[in-house]
Amino acid sequence: MLLAGFVLRNIPGTDAVITAIQSSWSSTLRSLALTIILVKAGLELDASLLKKMKGVCIRLTAIPCLVEAVTCAIAAHLLLNFPWEWGFLLGFVLGAVTPAVIVPSLLELQDKGFGVEKGIPTLVIAASSFDDVLAISGFSVVLGITFSTGTGVMTLMVFRGPLEMAGGILIGIILGVFLWFIPSPKQKHVARTRSMLVLGFGVLALFGSRAASFPGAGALAAIVTPFVAALRWKSDKEPISRFVGSFWTVFEPIMFGLIGAEIAIEKMDGKAVAMGIAVLLICLLFRTLATFGAVSFAGLNVKEKLFVCFSWIPKATVQAAIGPVALDTAKKAGASEYFINIAEQVLTVAVLSILITAPLGAAAIGLSGPKLLDRTEEGHDSHVEGSEDEEQKDVEILPMSVVGGPTVEL
Numbered sequence: 000m001l002l003a004g005f006v007l008r009n010i011p012g013t014d015a016v017i018t019a020i021q022s023s024w025s026s027t028l029r030s031l032a033l034t035i036i037l038v039k040a041g042l043e044l045d046a047s048l049l050k051k052m053k054g055v056c057i058r059l060t061a062i063p064c065l066v067e068a069v070t071c072a073i074a075a076h077l078l079l080n081f082p083w084e085w086g087f088l089l090g091f092v093l094g095a096v097t098p099a100v101i102v103p104s105l106l107e108l109q110d111k112g113f114g115v116e117k118g119i120p121t122l123v124i125a126a127s128s129f130d131d132v133l134a135i136s137g138f139s140v141v142l143g144i145t146f147s148t149g150t151g152v153m154t155l156m157v158f159r160g161p162l163e164m165a166g167g168i169l170i171g172i173i174l175g176v177f178l179w180f181i182p183s184p185k186q187k188h189v190a191r192t193r194s195m196l197v198l199g200f201g202v203l204a205l206f207g208s209r210a211a212s213f214p215g216a217g218a219l220a221a222i223v224t225p226f227v228a229a230l231r232w233k234s235d236k237e238p239i240s241r242f243v244g245s246f247w248t249v250f251e252p253i254m255f256g257l258i259g260a261e262i263a264i265e266k267m268d269g270k271a272v273a274m275g276i277a278v279l280l281i282c283l284l285f286r287t288l289a290t291f292g293a294v295s296f297a298g299l300n301v302k303e304k305l306f307v308c309f310s311w312i313p314k315a316t317v318q319a320a321i322g323p324v325a326l327d328t329a330k331k332a333g334a335s336e337y338f339i340n341i342a343e344q345v346l347t348v349a350v351l352s353i354l355i356t357a358p359l360g361a362a363a364i365g366l367s368g369p370k371l372l373d374r375t376e377e378g379h380d381s382h383v384e385g386s387e388d389e390e391q392k393d394v395e396i397l398p399m400s401v402v403g404g405p406t407v408e409l
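In terms of numbering that gives the first Met the number 0, the sequence shown is residues 0 to 409.
What follows is the structure, given as structure tokens:
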């Protein structure tokens with residue numbers, strides 16, 4: 000769909016289809032898709048894993064993302080002549096991995112028993128969600144700083160980040176605790192009602208925080224809300240996660256198509272594209288080194304560390320969701336042509352990162368997993384036994400998520 004949107008925008012005669020779409024509608028649809036990603040990430044966070052593997056999980060979450068953000072800021076400043084704040088903005092866009100590629104690939108390896116004994120699939124899957132939290136939160140905070148106006152800008156730059164993070168966490172906790180009690184567990188179709196409420200709260204948090212000029216708080220609240228709610232839901236969150244996933248099935252092609260349509264060849268500078276690819280490759284190199292260091296002293300051998308490095312390559316959904324946000328914000332703020340051009344370069348590099356790393360990362364995980372990870376037959380057997388329960392759950396929620404299907408009014 001990314002290529003489809005790109006083709007429609009740049010082939011003469013078909014570009015009218017894209018130009019007919021109002022930019023406000025395009026931005027709103029992409030924001031709805033971002034909300035779904037955030038809610039899914041929150042539902043996938045595992046509180047028990049934080050206790051068992053909190054050290055290496057935190058390192059794998061924070062170190063590669065922050066190293067890539069700093070590396071990107073320096074590289075973009077030197078190669079693309081970006082201001083520092085825009086370099087960090089691009090860095091946090093590129094800093095997130097994509098669970099959409101990682102999770103299916105890791106679950107397939109786990110199903111075959113690879114890496115199960117040391118919990119490598121569990122570690123990577125969980126850390127990928129936290130990584131998205133950090134990258135999106137960092138992006139939102141830097142975005143707010145970049146477009147801050149008024150006499151108190153410097154003061155706001157100092158306190159905005161902590162305020163947004165604290166506010167987002169507080170709002171998320173309040174909304175999550177509310178979902179412990181509403182709706183009642185005895186209510187009919189409770190999973191569907193919970194799904195609609197958690198999505199609705201996510202939309203409210205994201206759009207409400209933007210209206211209040213604190214976008215970082217909304218993104219974090221959209222993740223914290225389902226995480227806190229799931230602490231009480233526990234195993235009952237599985238049908239909710241599947242229900243939310245059904246919305247992603249609808250919004251994924253819409254989002255990627257609209258992202259591709261934002262790229263206009265006539266506006267692209269060949270030298271800037273080449274420099275953008277160079278920035279991306281430099282960031283990947285330093286990210287890989289940081290990932291290897293992050294999983295050191297965690298009981299993994301060299302081959303297993305290399306596999307985690309390969310797993311930390313793919314970028315897709317988060318880049319597609321937040322890549323255009325800077326451009327949308329610049330246009331709404333009436334920014335100068337200079338900053339509009341920089342925002343377009345941010346989007347271009349984000350799209351390039353998807354086109355290069357998503358297929359590369361998926362292939363690296365699939366091909367290297369069986370060669371670098373030890374296979375545990377016991378883990379494979381237990382997973383197969385557990386899959387019978389999953390199949391039973393699928394049958395139980397079928398009338399809700401497939402036959403009944405969600406109805407959404409926008």
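Ideal placement from N, C-alpha and C gives every residue a C-beta, glycine not left out.
Opening and closing residue of the alpha helix (DSSP H) in which residue i lies
{"i": "W83", "result": "W83 to L93"}
{"i": "N340", "result": "E336 to L371"}
{"i": "T375", "result": "Run containing T375: none; DSSP gives neither H nor E here."}
{"i": "P184", "result": "P184 -> no alpha helix (DSSP H), and no H or E assigned at all."}
{"i": "G72", "result": "It should be pointed out that residue 72 corresponds to Ala in this sequence rather than to Gly. Segment K53 to L78, the alpha helix (DSSP H) holding A72."}
{"i": "K117", "result": "Counting along the chain, K117 falls outside any alpha helix (DSSP H), and DSSP gives it neither H nor E."}
{"i": "I321", "result": "T316 to I321"}
{"i": "D327", "result": "V324 to K331"}
{"i": "K304", "result": "V301 to S310"}
{"i": "P192", "result": "According to the sequence shown, residue 192 is Thr rather than Pro. T192 -> alpha helix (DSSP H) spans V189 to A210."}
{"i": "K270", "result": "G269 to A293"}
Exposed unless 16 or more other CB atoms sit within 10 angstroms - verdict on residue i
{"i": "F296", "result": "exposed"}
{"i": "K314", "result": "buried"}
{"i": "V383", "result": "Note on V383: pLDDT 37, under 50, position unreliable in the model; no value is reported."}
{"i": "W24", "result": "exposed"}
{"i": "G199", "result": "exposed"}
{"i": "F129", "result": "buried"}
{"i": "F410", "result": "An answer regarding residue 410 cannot be provided, because it is not within the stretch 0 to 409 covered by the chain."}
{"i": "I124", "result": "buried"}
{"i": "W311", "result": "buried"}
{"i": "P63", "result": "buried"}
{"i": "S335", "result": "exposed"}
{"i": "G368", "result": "buried"}
{"i": "A332", "result": "exposed"}
Own chain partners of residue i with C-beta closer than 6 Å, once the 5 adjacent residues on each side are dropped
{"i": "E387", "result": "For E387, the predicted structure reports a pLDDT of 40, less than 50, and the residue's modelled location is therefore unreliable. A value from the coordinates is still provided. Nothing listed; no residue qualifies."}
{"i": "L397", "result": "Low per-residue confidence applies at L397: pLDDT is 37, beneath 50, and the placement is therefore not dependable, though the value from the model is reported in the following sentence. The answer is none, since no qualifying residue turns up."}
{"i": "V189", "result": "P182"}
{"i": "K39", "result": "V243"}
{"i": "W85", "result": "I341"}
{"i": "L33", "result": "A320"}
Distance, residue j Cα to residue i Cα
{"i": "I173", "j": "T224", "result": "8 Å"}
{"i": "G90", "j": "L31", "result": "23 Å"}
{"i": "L410", "j": "Q186", "result": "With the chain represented from 0 up to 409, any question about residue 410 goes unanswered, as that position is not in the structure."}
{"i": "S381", "j": "I281", "result": "Here S381 scores only 40 on pLDDT, less than 50, and its place in the model should not be relied on; the value that follows carries that caveat. Taking the straight line from one Cα to the other gives about 41 Å."}
{"i": "R374", "j": "G201", "result": "40 Å"}
{"i": "F338", "j": "R209", "result": "20 Å"}
{"i": "E251", "j": "V100", "result": "13 Å"}
{"i": "T60", "j": "V176", "result": "26 Å"}
{"i": "V69", "j": "S139", "result": "16 Å"}
{"i": "F226", "j": "A204", "result": "14 Å"}
{"i": "E116", "j": "R241", "result": "27 Å"}
{"i": "L178", "j": "R191", "result": "13 Å"}
{"i": "V6", "j": "K233", "result": "44 Å"}
{"i": "A3", "j": "G259", "result": "7 Å"}
{"i": "S26", "j": "D327", "result": "7 Å"}
{"i": "K392", "j": "I239", "result": "Its pLDDT being 42, under 50, K392 is placed unreliably by the model, and nothing is read from it."}
{"i": "L65", "j": "V92", "result": "11 Å"}
{"i": "G385", "j": "A361", "result": "Legend: pLDDT at G385 = 42, less than 50; position of this residue unreliable, value from coordinates given subsequently. Taking the straight line joining both Cα atoms gives about 25 Å."}
{"i": "T356", "j": "R193", "result": "35 Å"}
{"i": "S47", "j": "K53", "result": "9 Å"}
{"i": "I10", "j": "I144", "result": "37 Å"}
Minimum C-alpha distance to residue i - residue among the options
{"i": "V55", "options": "T248, A332, A289 and M274", "result": "A289"}
{"i": "L257", "options": "W85, P323 and G166", "result": "P323"}
{"i": "A134", "options": "F146, I124 and T97", "result": "T97"}
{"i": "G94", "options": "K53, M164, I353 and F206", "result": "I353"}
{"i": "T287", "options": "K51, E67, L299 and L28", "result": "E67"}
{"i": "V197", "options": "P184, G207 and A221", "result": "A221"}
{"i": "I364", "options": "T145, A349, A332 and S104", "result": "S104"}
{"i": "F146", "options": "F213, M254, F309 and K50", "result": "F213"}
{"i": "V102", "options": "G112, A75, G114 and T121", "result": "T121"}
{"i": "G114", "options": "V348, L346, L359 and N300", "result": "N300"}
Cβ shell of residue i (< 8 Å), same chain only, five flanking positions each side left out
{"i": "I36", "result": "D131, W247, T316, V317 and A320"}
{"i": "L351", "result": "V272, G275, I276 and L279"}
{"i": "M164", "result": "S136, V140, G215, A216 and L219"}
Beta-carbon contacts of residue i that lie in its chain and below 7 Å, excluding the five residues immediately before and after
{"i": "L371", "result": "K302, E303, L305 and F306"}
{"i": "K413", "result": "This structure cannot speak to residue 413, because the chain is shown only from 0 to 409."}
{"i": "A211", "result": "none"}
{"i": "G298", "result": "K117"}
{"i": "A293", "result": "R58, L59, I62 and P63"}
Neighbour flag for residue i against chain B, beta carbons, 8 Å
{"i": "T347", "result": "Judged by its chain identifiers, the structure shown contains no chain B, having just a single protein chain."}
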